[in-house]
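These protein sequence lines are chains A and B, in that order. For our numbering, add 1 to where a residue sits in the first sequence, where the first one is 1. For our numbering, add 41 to where a residue sits in the second sequence, where the first one is 1. The beta-carbon is built from N, C-alpha and C at its ideal position, and this holds for glycine as well. Keep in mind that this is a model prediction, so the values were computed, not measured. A short worksheet on the structure shown next.
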Amino acid sequence: MDEEQLILGAQQGDLDAFNRLVTSYQGLAFNLACRLLGDAAAAEDVTQEAFISAYRSIRSFRGGSFKAWLLRIVTNGSYDELRRRQRRPQTPLEPDPRNGEDAPEPAWLADPGESPQELAERVELSMAIQRCLDMLETEFRAAVVLVDVQGMDYAEAAQVLSRPVGTVKSRLARARARLQLCLQGFVELLPDRFRLNIEGTR
Amino acid sequence: MSRELSARDMERASAYLDDPLTSRARAAFELRLISEPSLARALAELRETRALLRRAPQRRVPRSFALKAEMVSSVQKPLFGGWSSMNFVSAAATLVLMLVFAGDIWATGLPSFGAAAPAAEEAPQALMAQEPAAEDSALTSTPPAEALEGAGEIELYAELEADRMFKDETQFDLRLFLADYANSIEFGLAVIAIGAGAVALWQRRKA
């Protein structure tokens, strides 16, 4: 069954059809929420809520990119969560490496085919990127996560963010410039193969 | 360094990487890359940054997010974009308050803020005070205009009172009811509206 038929089935109340869409997009949705929130537990909640909300409002889906429609729900849910956090700041239960606390066991990153050294390097890279993303304003972070981390094109990202392509383009450029400066600060922490080859370009 | 670039050039360089420029704009940008080393350097830096971001590891999904029937049916969709019951109570109390206030005006007229009411209250006293003088002067003088006005109001008052007593015994009169109880009802509704609004605000903050 193709995506269009699954959407049609879900619109008629077929939960199984909708769950097949969930299976297709849950990785993308969860990773987007994770990068926007910087917190896996909160991302899990936001992703689940987004799928519930998507199921309830799927009758209002009028065609176009289902992926963009779904990710817009995830993005809006993440924005809501960030706003909630601003209103009620909380101390995270997970250790914060910035405060000298040890990082948790990176089970989520483990790949059976890679060595412990490679795993450690990937964890370093992921943490450096997340720390730099966390320093960006929400709108800039969303643009760079959608285009650079999730690999979307400008038009798709514009649909997800409900903004014109030009806005996405300028936000992305500014976000990249800021990330570049931030990642340079982590250059010593990054493994050789991940280091920005900036010295060579000067 | 890319920091020397203008925001516009940075935007062009960023767009050039993703290829959304028109062929003409792209050709013009490539010409500039040849003649401006700082632009070429900034572009290289941006390319490195983008490549690094694209290598960011994807997290594995911790569990399945597939929905179960009870997940979809158990959570009730909030009415009207998430309004809680307290919002409705507050809005309804405000609406009824406005209706009662309008009814109050209809029943008793616009409040005159200390002009007519005291005059009406003072009218009997004014008349009483005038009585001896009126007896003394007998037919020689006419009562002052104020006293006449006061006497007129007394008659109206008495008429209304008689009417009220008669109607009390016979049928319900909304006008008289509002004249008697509007202030108490308005006060009660205002307390409910403000209280429910405060609770709704607290619930929203708590959520």
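{"Item": "Cβ atoms of B/L217 and B/A148: under 9 Å apart, would you say?", "Value": "yes"}
{"Item": "Is DSSP giving B/S114 helix, strand or coil here?", "Value": "helix"}
{"Item": "B/L58 and B/R96: beta carbons closer than 9 Å?", "Value": "no"}
{"Item": "Note down, in chain order, each residue of its chain lying with its Cβ closer than 6 Å to the Cβ of A/Q12, except the 5 sequence neighbours on either side.", "Value": "I59, R60"}
{"Item": "Looking at C-alpha atoms only, which residue of A/R36, A/R73, A/Y80 is the closest neighbour of B/Q99?", "Value": "A/R36"}
{"Item": "Closest to A/L16 by CA distance: which of B/K109, B/Y222, B/L46 is it?", "Value": "B/K109"}
{"Item": "Pick out whichever of A/A34, A/S127, A/A41 has its Cα sitting closest to the Cα of A/N77.", "Value": "A/A34"}
{"Item": "Say whether chain A places a C-beta atom closer than 9 Å to the C-beta of B/L94.", "Value": "yes"}
{"Item": "Find the residues of chain B that neighbour A/K170, judging by a C-beta separation of less than 8 Å, and give them in chain order.", "Value": "E52, S55, A56, P61"}
{"Item": "Any beta-carbon of chain A closer than 9 Å to the one on B/E71?", "Value": "no"}
{"Item": "Would you say the beta carbon of A/C183 is closer than 8 Å to some non-hydrogen atom of the ligand MG?", "Value": "The model depicted lacks the ligand MG and carries no ligand whatsoever."}
{"Item": "How about the stretch 132-149 of chain B and the stretch 220-231 of chain B: do they share at least three Cβ pairs that are nearer than 8 Å?", "Value": "yes"}
{"Item": "For B/W243, does the count of other Cβ atoms within 10 angstroms reach 16, so buried, or fall short, so exposed?", "Value": "exposed"}
{"Item": "Between the alpha carbons of B/R91 and A/Q181, how many angstroms are there, rounded?", "Value": "9 Å"}
{"Item": "Let me see if you follow: with CB-CB separation under 9 Å, is A/Q208 close to chain B or not?", "Value": "Nothing in the structure corresponds to residue 208 of chain A, since chain A is present only between 2 and 203."}
{"Item": "Anyone know if the C-beta pair for A/R73 and A/Q160 falls short of 9 Å?", "Value": "yes"}
{"Item": "Give the straight-line distance between the Cα atoms of B/A133 and B/V232, rounded to the nearest whole angstrom.", "Value": "12 Å"}
{"Item": "Does DSSP put A/T24 in a helix, in a strand, or in coil?", "Value": "helix"}
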